[in-house]
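These protein sequence lines map, in sequence, to chains H, G, V and U. Going by the numbering used here, the first residue of the first sequence is number -6, and it counts up by one from there. Going by the numbering used here, the first residue of the second sequence is number -6, and it counts up by one from there. Going by the numbering used here, the first residue of the third sequence is number -6, and it counts up by one from there. Going by the numbering used here, the first residue of the fourth sequence is number -6, and it counts up by one from there. Backbone N, C-alpha and C define an ideal beta-carbon position, used for all residues, glycine too. Structure, as structure tokens:
Number of protein chains: 4
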Amino acid sequence: MGTKEVRQEQVIEATRRCILEKGLCQLSVKDIAAEAGVSTGIIYHYFKNKEDVLLQVLKESFRKSHMQVMKTVESLPTPREKLEKHMDQIHRVPEDNPDFLRVLVNYIGAAPYHPEIRHILVKFFRNLRAYLDRYLQAGVEEGTLDRKKVEFLSIMVYSFGLGLGIMWLMDPSFDAEEIGAQFKDVLQRYLFEE
Amino acid sequence: MGTKEVRQEQVIEATRRCILEKGLCQLSVKDIAAEAGVSTGIIYHYFKNKEDVLLQVLKESFRKSHMQVMKTVESLPTPREKLEKHMDQIHRVPEDNPDFLRVLVNYIGAAPYHPEIRHILVKFFRNLRAYLDRYLQAGVEEGTLDRKKVEFLSIMVYSFGLGLGIMWLMDPSFDAEEIGAQFKDVLQRYLFEE
Amino acid sequence: MGTKEVRQEQVIEATRRCILEKGLCQLSVKDIAAEAGVSTGIIYHYFKNKEDVLLQVLKESFRKSHMQVMKTVESLPTPREKLEKHMDQIHRVPEDNPDFLRVLVNYIGAAPYHPEIRHILVKFFRNLRAYLDRYLQAGVEEGTLDRKKVEFLSIMVYSFGLGLGIMWLMDPSFDAEEIGAQFKDVLQRYLFEE
Amino acid sequence: MGTKEVRQEQVIEATRRCILEKGLCQLSVKDIAAEAGVSTGIIYHYFKNKEDVLLQVLKESFRKSHMQVMKTVESLPTPREKLEKHMDQIHRVPEDNPDFLRVLVNYIGAAPYHPEIRHILVKFFRNLRAYLDRYLQAGVEEGTLDRKKVEFLSIMVYSFGLGLGIMWLMDPSFDAEEIGAQFKDVLQRYLFEE
DNA sequence: TATGAATGAGGTTTCATTCAT
DNA sequence: CATGAATGAAACCTCATTCAT
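So this is what it looks like as structure tokens:
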């Protein structure tokens, strides 16, 4: 029963807090242990090594984030509504879940030098884009959308969302949601203009 | 030009190469010294400490990048051409200067925990956006552009450019320039549609 | 036979295998437990501590080896035959039981720093030499052998056997049995020459 | 001049003393540093890692030992004298240089699990045996010695010498030199008997 | 100016042993 | 009897920085 999972979750959560506080670079196993209120040894009982912990933190963050998006979006009836809501979700990340963004930026910085991290990041974004692509595809099949216009849309949406989040994180002198809304507007005009 | 500047440049360039190869996190002063072909001591002679070197690397990267953008854009005659060219420049970074992108991502990951780095990053983007804003402002004053539409345009352009670059860095399975071009098209329709 | 003896034997045998695989130095209690298919706790239930296990492994190895020698040698009728057979046994160890040799070498390396290990080793060799000395003594009393010549014979035989085994273990590029046979021949000429 | 060599020698010698005192297994880099009167860091300045230090200790021990044998033996005029002296040297190791023996036993215990150590050990013994073989070969060519009798002689001599040394180390209750002398006598009778 | 030897704190990881269950 | 979670000391190694030369 779950003791193992509980401890792992405890360590993962502590690690996430440490990353937020000190950054991925400065993170030590000792810090994690202290934050989790356990001995350093126990971390190696539940995880292969430090890198393993970091990977689990990323996976867990993505799992939660993915679920959050899906939960909110999937129940909507029409592709257009899904598309809109999906974009809203992205643009609201800075306000709704800035910590997720902070963690994400840490891992993006490390990704080029850690193939596993990069792999997880890539999978995450591809996964999410796949949802967008599905809605758009449905629109194309309905005849509401132009095949050519939607081809690169998901990557445009996610590139913009990621860039906006990072910009905001570094310099939160603007209202990310407002700008996101305008971007959504721009895209919608482009997609749905007669 | 004095020995001092030569040595500094030598160390800065070596550090940049080290960052590209191993990442900001894994960077040691010994690595830098070896890459630069000097002793570790010399580094402390010409720089206050390791962090100082890193800051200089970032500043130097930004200086060059800034110059590159300006050189290409500023000579154009009309605001609209400047705007277009500026966006092209941004979207061509992945292909023209992926190393700049790689270095940038390293610093973005570190920024939340190093106020000086963050400050330099923020200044860099604000600077560049200011150019965009100037062109757009000129367009508004000419009557070509709608004041409301251009309000957040520079941040949108840079957010998108940054996000696109990072996405491409992690997963270069798409043609960043092509997508950039489509984005430019979307924006232009939005700005200049009757 | 009780559970206790079964478990102890199980752990001892697992430890022996671990020593063969990783060496005495690199041996951890966790390794032993895993190899034996038990928990670490159980080891401390049946043995005082790690050192205790190691001592039992050595004793058990020696017990078996001793029995092996005795079984084969003691049934022979004459001292000379016993002597010959005993030496053959020694020289055949590399081929017949290289694992015993491997284990032995591990303990020899540790002996100078573990009085108990050394004590067991010393006792083992003294025991075996005592058998040899008995045959030789019988020969002296029969008048077949010269008292002076046999005085140091047992130690010579065992020194040579041990050295030969170790040499072979490190560099098995020769036929230990053949060389052993020649050594036996040399000694016999010495002992029995008119 | 030679600061580097001096320091290395200092560390190697300290390591040798530590091995004698605590054994190869129990040896820590901290111990070595303390014994050498330096910081731990410096050891990694002059050596790649702990294993590197250990290999150098072995090589250095062998270098000295080899030189010692050669110096004493090579000046003698006849092969027979060289052979005799060489064997005397071997049998006097316990008394003349027990520390060498102690160190050797440590490395023999570790050899099966460290290919580099084994390689050095094997080379050492092959080297020395080659000298013996040369004298013996000279004897064969002179007609003094029987080709068949000398074939395995060097390995017999070194096996015996090694075994005798180890036996003596574990249980110095006998006079190794005296027994060595008797062994030499046995061999000489065998080789030179009419 | 320039070197690189030297330090020692701090990083990750392992491990013998104990103990609640 | 049996488990394996938990501890914390100690192992190896790295590194930013200083300083004698």
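Classification of Thr8 (chain H) by the beta-carbon crowding that lies within 10 angstroms, buried from 16 upward:
Here residue 8 (chain H) refers to the residue found at position 15 of the first sequence. Classification for Thr8 (chain H): buried.
For my contact list, Met160 (chain U) and Phe118 (chain V) are in at a C-beta cut-off of 8 Å; report their separation, rounded to the angstrom.
By 1-based counting over the fourth sequence, the position of residue 160 (chain U) is 167. By 1-based counting over the third sequence, the position of residue 118 (chain V) is 125. Indeed they touch by this definition, with Cβ atoms about 7 Å apart.
Which residues, in chain order, does the stretch 65 to 98 of chain V contribute to contact with chain U at a C-beta distance below 9 Å?
Arg95 and Val98
I'd like to know whether the C-beta of Ile5 (chain U) is nearer than 9 Å to at least one C-beta of chain V.
If you number the fourth sequence from 1, residue 5 (chain U) lands on position 12. Taking Cβ atoms only, chain V never reaches closer than 9 Å to Ile5 (chain U), which makes this a no.
Just to confirm the assignment, what range does the alpha helix (DSSP H) spanning Gly158 (chain H) have?
Reading the first sequence from its first residue, position 165 is the one you call residue 158 (chain H). First-last of the alpha helix (DSSP H) with Gly158 (chain H): Leu146 to Met163.
Among V:Leu48, V:Gln19 and V:Val66, whose alpha-carbon lies nearest the alpha-carbon of Val4 (chain V)?
Walking along the third sequence from the start, residue 4 (chain V) turns up at place 11. Ranking V:Leu48, V:Gln19 and V:Val66 by Cα distance to Val4 (chain V) puts V:Leu48 first.
Can you give the Cα-Cα distance for Val86 (chain U) and Val62 (chain U), rounded to whole angstroms?
One-based indexing of the fourth sequence puts residue 86 (chain U) at position 93. One-based indexing of the fourth sequence puts residue 62 (chain U) at position 69. So the two alpha carbons sit approximately 10 Å from each other.
With a threshold of 9 Å between beta carbons, is Glu186 (chain H) in contact with chain G?
Along the first sequence, read from residue 1 onward, the residue named residue 186 (chain H) stands at position 193. It does: the Cβ of Glu186 (chain H) has a partner Cβ on chain G nearer than 9 Å.
So the candidates are G:Arg140, G:Glu134 and G:Arg0; which of them puts its Cα closest to the Cα of Thr71 (chain G)?
As a first step, residue 71 (chain G) must be located in the second sequence, where it is residue number 78. Thr71 (chain G) has its Cα closest to that of G:Glu134, out of G:Arg140, G:Glu134 and G:Arg0.
What residues in the stretch 147 to 162 of chain G have a beta carbon less than 9 Å from any beta carbon of chain H?
Ile148, Met149, Tyr151, Ser152, Phe153, Gly154, Leu155, Gly156, Leu157, Gly158, Ile159, Met160, Trp161 and Leu162
From H:Leu184, H:Val179 and H:Glu170, residue whose alpha carbon lies closest to that of Asp81 (chain H):
Here residue 81 (chain H) is taken as the residue at index 88 of the first sequence, counted from 1. Among H:Leu184, H:Val179 and H:Glu170, the Cα nearest to that of Asp81 (chain H) belongs to H:Glu170.
CA-to-CA distance, Gly34 (chain H) to Asp89 (chain V), given in whole angstroms:
Taking the first residue of the third sequence as 1, we reach residue 89 (chain V) at position 96. Taking the first residue of the first sequence as 1, we reach residue 34 (chain H) at position 41. Roughly 44 Å between the two C-alpha positions.
Tell me the residue span of the alpha helix (DSSP H) that contains Asp89 (chain V).
Here residue 89 (chain V) is taken as the residue at index 96 of the third sequence, counted from 1. Residues Pro72 to Asp89.
Let me know the secondary structure DSSP gives Leu17 (chain G) once reduced to three states.
Position 24 of the second sequence, counted from the first residue, corresponds to residue 17 (chain G). It is coil, neither helix nor strand.
Does Tyr124 (chain U) get closer than 9 Å to chain V when you measure Cβ to Cβ?
Locating residue 124 (chain U) in the fourth sequence gives position 131, counting from the first residue. Chain V contact via Cβ: absent.
Go through its chain and collect everything with a Cβ distance to His84 (chain V)'s Cβ below 8 Å, but skip five positions before and after it.
For this step, residue 84 (chain V) is matched to residue 91 along the third sequence. Excluding residues within five positions, the ones whose Cβ falls inside 8 Å are Gly154, Leu157, Ala169, Glu170, Ile172, Gly173, Ala174, Phe176 and Lys177.
Secondary structure at His112 (chain V), three-state DSSP: helix, strand or coil?
For the purposes of this step, residue 112 (chain V) is taken as residue 119 along the third sequence, with counting starting at 1. Helix.
Please state the DSSP three-state secondary structure of Lys41 (chain U).
Position 48 of the fourth sequence, counted from the start, is the residue given in the question as residue 41 (chain U). Looking at Lys41 (chain U) - three-state DSSP - the assignment turns out to be coil, as it is neither helix nor strand.
Rounded C-alpha distance that separates Glu28 (chain U) from Cys18 (chain H)
Against the fourth sequence, residue 28 (chain U) aligns to sequence position 35. Against the first sequence, residue 18 (chain H) aligns to sequence position 25. Roughly 35 Å between the two C-alpha positions.
Grab me the residues of Val229 (chain G)'s own chain with a C-beta within less than 8 Å of its C-beta, minus the 5 sequence neighbours each way, in chain order.
Residue 229 (chain G) is absent from the model: chain G starts at -6 and stops at 187.
Mind pulling the chain U residues with CB within less than 7 Å of Ile25 (chain V)?
The residue labelled residue 25 (chain V) in the question sits at position 32 within the third sequence. Correct list: empty, because the minimum Cβ distance to chain U is about 16 Å.
So Gly132 (chain H) contacts chain G; which residues on that side make the cut at Cβ distance below 7 Å?
For this step, residue 132 (chain H) is matched to residue 139 along the first sequence. Result: empty, since nearest Cβ-Cβ is about 17 Å, beyond 7 Å.
Just to confirm, are Glu44 (chain V) and Glu109 (chain V) a CB contact at a threshold of 9 Å?
In the third sequence, the residue the question calls residue 44 (chain V) occupies position 51. In the third sequence, the residue the question calls residue 109 (chain V) occupies position 116. Against a cut-off of 9 Å, the Cβ pair of Glu109 (chain V) and Glu44 (chain V) comes out as a contact.
Taking the beta carbon of Pro165 (chain H) as the centre, do at least 16 other beta carbons fall within 10 Å, making it buried, or is it exposed?
Start at 1 with the first residue of the first sequence, and residue 165 (chain H) comes out as number 172. Classification of Pro165 (chain H): exposed, given that the 10 Å Cβ count is below 16.
Note down, in chain order, all residues in the stretch 44 to 58 of chain V with a beta-carbon under 7 Å from any beta-carbon belonging to chain U.
none
Taking the Cβ atom as the reference point for each residue, do Pro105 (chain H) and Met149 (chain G) lie within a distance shorter than 9 Å?
Position 112 of the first sequence, counting from 1, holds the residue named residue 105 (chain H). Position 156 of the second sequence, counting from 1, holds the residue named residue 149 (chain G). Cβ atoms of Pro105 (chain H) and Met149 (chain G): not closer than 9 Å.
For Arg0 (chain H), the nearest candidate out of H:His59, H:Ala131 and H:Ile36 (CA to CA)
For the purposes of this step, residue 0 (chain H) is taken as residue 7 along the first sequence, with counting starting at 1. The option with the nearest alpha carbon to Arg0 (chain H) is H:Ile36.
Does the beta carbon of Phe40 (chain V) come closer than 9 Å to any beta carbon on chain U?
Taking the first residue of the third sequence as position 1, residue 40 (chain V) is located at position 47. For Phe40 (chain V), the answer is no, since every Cβ of chain U falls outside 9 Å of its Cβ.
For Cys11 (chain H), which residues in chain G fall below 9 Å Cβ to Cβ?
For this step, residue 11 (chain H) is matched to residue 18 along the first sequence. The premise fails here: Cys11 (chain H) is roughly 12 Å from chain G at the closest Cβ pair, so nothing lies under 9 Å.
Buried or exposed for Ser21 (chain U), please, with buried defined as at least 16 other CB atoms from any protein chain shown within 10 angstroms of its CB.
Here residue 21 (chain U) refers to the residue found at position 28 when the fourth sequence is read from its first residue. When all chains shown are included, Ser21 (chain U) counts as exposed.
What does Pro105 (chain H) touch in chain G if you count any residue whose Cβ is under 9 Å from its own?
Taking the first sequence and counting its residues from 1, one reaches residue 105 (chain H) at position 112. Result: Leu13, Gly16, Arg95, Val98, Asn99, Leu162 and Met163.
Which of the three DSSP states, helix, strand or coil, is assigned to Ser68 (chain G)?
The count along the second sequence starts at 1 and reaches residue 68 (chain G) at position 75. Residue state, collapsed to three classes: coil.
For chain H, find out if any of its Cβ atoms is closer than 9 Å to the Cβ of Val179 (chain G); answer yes or no.
The sequence position of residue 179 (chain G) within the second sequence is 186, counting from 1. Yes, Val179 (chain G) counts as interfacial toward chain H.
Output the distance between the C-alpha atoms of Leu129 (chain H) and Tyr151 (chain H), rounded to the nearest integer angstrom.
As a first step, residue 129 (chain H) must be located in the first sequence, where it is residue number 136. As a first step, residue 151 (chain H) must be located in the first sequence, where it is residue number 158. For Leu129 (chain H) and Tyr151 (chain H), the distance between alpha carbons rounds to 14 Å.
To the nearest angstrom, how far is it from the Cα of Asn99 (chain H) to the Cα of Leu114 (chain G)?
One-based indexing of the first sequence puts residue 99 (chain H) at position 106. One-based indexing of the second sequence puts residue 114 (chain G) at position 121. In a straight line, the C-alpha of Asn99 (chain H) is about 16 Å away from that of Leu114 (chain G).
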